[in-house]
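Participant: Residue numbers (full-length UniProt numbering): 1 to 328. Glycine included, every Cβ here is placed at the ideal spot set by N, Cα and C.
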């Protein structure tokens, strides 16, 4: 327990500097881009020079870049993400409305890719070189090469347009007034296609990693010793080979969280899912820099939290991890 607490403390201290770098770097990059929220607003609605000057003053865009950065950092110290130019509402409220949808999509896709990918990897790696091993390896490689947006469009055409088994997009049926279990079933039906499109890509990765880890574990001394003791092949696979091959997958689970967030931007756009990804697209289109900064900061916090949870899980699974940090 002390080792885990030490690991958490060190990771949290390092996370503060990571978030600071993310905020400052993103702010400077967005400021270097041509145009701003006023330009996007005038293009869409029209206006004269007086309105442009008024909007720049109202949104603080007439201040210097360093002044705005300092004001933003000071507001962050008070947990204030600012006001959205597009929605004319506090950014924190806008993000909290969209965040549950993105988390639901990510958790579901992660459970699908990690769970099914690990199981198929164990099934393939249980007998290296067999027909099922080669078939799953080739199939996973082909699946990993497919772009997520293309897979999403294919799933829509097949299962939503042709077969009419599932909804085309959205997170739930609009104005359906469903509650309780009926609403949960409706949301689950809407999530099948986007979760499949997002999860199948990473499923192939976990399958190949699990299979490779098991192929390596078969050559280790502890497996040879288990065979010499007369243990059944099933027990050797589950208790020794798969358990050791699972550790790298847990590390990859944390590393893939950032890519999963990035992939959700595309998937949410394809399936019209109202999550953080689609919100980021709207913020970019309207040049809503404060909102985009808030989304990126929230995404960074999510990635850091996921990696911290993975580090803790890894430390419990492998006592050697974090031992040096705890003793430092």
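Assess contact between the stretch 137-153 and the stretch 230-246, defined as three or more Cβ pairs (one per stretch) separated by less than 8 Å. Is contact present?
Facilitator: Verdict: no, contact absent.
Participant: Closer than 8 Å by C-beta to residue 290: which residues in its own chain qualify, once you throw out the five before and the five after it? Chain order, please.
Facilitator: On the chain shown, residue 290 is found 290 positions in, with the first residue counted as 1. Excluding positions up to five away in sequence, the list reads 72, 81, 82, 83, 84, 85, 91.
Participant: Whose C-alpha, out of 255, 254, 279, is nearest the C-alpha of residue 266?
Facilitator: Residue mapping note: residue 266 aligns to position 266 of the chain shown, counting from 1. That would be 279, whose Cα lies nearest to the Cα of residue 266.
Participant: How is residue 220 classed by DSSP in three states: helix, strand or coil?
Facilitator: Taking the first residue of the chain shown as position 1, residue 220 is located at position 220. If DSSP states are grouped into helix, strand and coil, residue 220 belongs with coil.
Participant: Please determine if the stretch 242-253 and the stretch 171-190 are in contact, where contact requires at least 3 C-beta pairs separated by less than 8 Å.
Facilitator: Counting Cβ pairs under 8 Å, fewer than three are found: no touch.
Participant: Could you pull the start and end residues of the alpha helix (DSSP H) that residue 149 belongs to?
Facilitator: The residue labelled residue 149 in the question sits at position 149 within the chain shown. Run containing residue 149: 148-155, per the alpha helix (DSSP H) assignment.
Participant: Consult DSSP for residue 274 and reduce its assignment to one of helix, strand or coil.
Facilitator: The residue given as residue 274 occupies position 274 in the chain shown. Correct three-state label for residue 274: coil.
Participant: Rounded to whole angstroms, what's the CA-CA distance from residue 110 to residue 119? Just pull it up for me.
Facilitator: To locate residue 110, count along the chain shown from 1; it is residue 110. To locate residue 119, count along the chain shown from 1; it is residue 119. Distance between the alpha carbons of residue 110 and residue 119: 14 Å.
Participant: Distance, Cα to Cα, residue 333 vs residue 148?
Facilitator: Given that the chain is displayed from residue 1 to residue 328, the structure contains no residue 333 and the question cannot be resolved.
Participant: On the DSSP bridge assignment, give the partners of residue 90 in chain order.
Facilitator: One-based indexing of the chain shown puts residue 90 at position 90. In the DSSP output, where bridge partners are listed per residue, residue 90 has 83.
Participant: Would you report the Cα separation of residue 200 and residue 188, rounded to the nearest angstrom?
Facilitator: Along the chain shown, one-based indexing puts residue 200 at 200. Along the chain shown, one-based indexing puts residue 188 at 188. Taking the straight line from one Cα to the other gives about 17 Å.
Participant: Grab the span of the alpha helix (DSSP H) containing residue 137 for me, first residue to last.
Facilitator: Here residue 137 refers to the residue found at position 137 when the chain shown is read from its first residue. That run of the alpha helix (DSSP H) goes 131-144.
Participant: In terms of residue numbering, what span does the alpha helix (DSSP H) encompassing residue 70 cover?
Facilitator: Translated into the one-based positions of the chain shown, residue 70 becomes position 70. Unbroken alpha helix (DSSP H) run through residue 70: 65-77.
Participant: Is the separation between the beta-carbon of residue 99 and that of residue 255 shorter than 8 Å?
Facilitator: Taking the first residue of the chain shown as position 1, residue 99 is located at position 99. Taking the first residue of the chain shown as position 1, residue 255 is located at position 255. The answer is no: Cβ separation not under 8 Å.
Participant: How big is the Cα-Cα spacing for residue 79 and residue 298?
Facilitator: Sequence index remark: in the chain shown, residue 79 carries index 79 (1-based). Sequence index remark: in the chain shown, residue 298 carries index 298 (1-based). Rounded to whole angstroms, residue 79 to residue 298 spans 12 Å at the Cα level.
Participant: Around the C-beta of residue 12, are 16 or more other C-beta atoms found within 10 angstroms, so that it is buried, or is it exposed?
Facilitator: Within the chain shown, residue 12 is the residue found at index 12, counting from 1. Exposed.
Participant: By how many angstroms is the C-alpha of residue 274 removed from the C-alpha of residue 293?
Facilitator: Stepping through the chain shown from its first residue, residue 293 is reached at position 293. Stepping through the chain shown from its first residue, residue 274 is reached at position 274. Taking the straight line from one Cα to the other gives about 18 Å.
Participant: Under a three-way DSSP split, which group does residue 332 fall into?
Facilitator: No answer is possible for residue 332: the residues shown for the chain start at 1 and end at 328.
Participant: My output table needs one value for residue 30: the three-state DSSP class, helix, strand or coil.
Facilitator: Position 30 of the chain shown holds residue 30. Note: residue 30 maps to helix in three-state DSSP.
Participant: Quick one: Cα of residue 66 to Cα of residue 56, how far?
Facilitator: On the chain shown, position 66 is the one that residue 66 refers to. On the chain shown, position 56 is the one that residue 56 refers to. Each residue's Cα considered, the two are about 16 Å apart.
Participant: Sort 31, 58, 116, 306 by Cα distance to residue 203 and report the nearest one.
Facilitator: Along the chain shown, one-based indexing puts residue 203 at 203. Considering only alpha carbons, the answer is 116.
Participant: So, helix, strand or coil for residue 213, using DSSP?
Facilitator: In the chain shown, counting from the first residue as 1, residue 213 sits at position 213. Reduced to three states, the DSSP call for residue 213 is helix.
Participant: Taking DSSP as the reference, what is the three-state secondary structure of residue 262?
Facilitator: As a position in the chain shown, residue 262 is number 262, starting the count at 1. In this structure, residue 262 counts as helix in the three-state DSSP scheme.
Participant: Compute the Euclidean distance between the alpha carbons of residue 328 and residue 251, then round it to the nearest angstrom.
Facilitator: Position 328 of the chain shown, counting from 1, holds the residue named residue 328. Position 251 of the chain shown, counting from 1, holds the residue named residue 251. Model confidence at residue 328 stands at a pLDDT of 48, short of 50, so the residue's coordinates are unreliable; what they give is reported in the following sentence. Near 23 Å, if we compare the C-alpha coordinates of residue 251 and residue 328.
Participant: Is the separation between the beta-carbon of residue 264 and that of residue 30 shorter than 8 Å?
Facilitator: As a working mapping, residue 264 is identified with position 264 in the chain shown. As a working mapping, residue 30 is identified with position 30 in the chain shown. Result no, Cβ atoms of residue 264 and residue 30 do not sit closer than 8 Å.
Participant: Just to confirm, does residue 289 get its C-beta within under 7 Å of one of the non-hydrogen atoms of the ligand MN?
Facilitator: For the ligand MN, the structure offers nothing, since it holds no ligand at all.
Participant: In angstroms, rounded to a whole number, what distance separates the CA positions of residue 196 and residue 169?
Facilitator: Taking the chain shown and counting its residues from 1, one reaches residue 196 at position 196. Taking the chain shown and counting its residues from 1, one reaches residue 169 at position 169. Distance between the alpha carbons of residue 196 and residue 169 is about 13 Å.
Participant: When you compare only the Cα positions, how much space is there between residue 312 and residue 63?
Facilitator: Walking along the chain shown from the start, residue 312 turns up at place 312. Walking along the chain shown from the start, residue 63 turns up at place 63. Rounded to the nearest angstrom, the two C-alpha atoms are 44 Å apart.
Participant: Helix, strand or coil: which one does DSSP assign to residue 172?
Facilitator: Sequence index remark: in the chain shown, residue 172 carries index 172 (1-based). In the structure shown, residue 172 sits in coil (DSSP, three-state: anything other than H, G, I, E or B).
Participant: Whole angstroms are fine: how far does the CA of residue 17 sit from the CA of residue 304?
Facilitator: Locating residue 304 in the chain shown gives position 304, counting from the first residue. Locating residue 17 in the chain shown gives position 17, counting from the first residue. Taking the straight line from one Cα to the other gives about 12 Å.
Participant: Just the Cα atoms here: how many angstroms apart are residue 308 and residue 87?
Facilitator: The residue given as residue 308 occupies position 308 in the chain shown. The residue given as residue 87 occupies position 87 in the chain shown. Near 33 Å, if we compare the C-alpha coordinates of residue 87 and residue 308.
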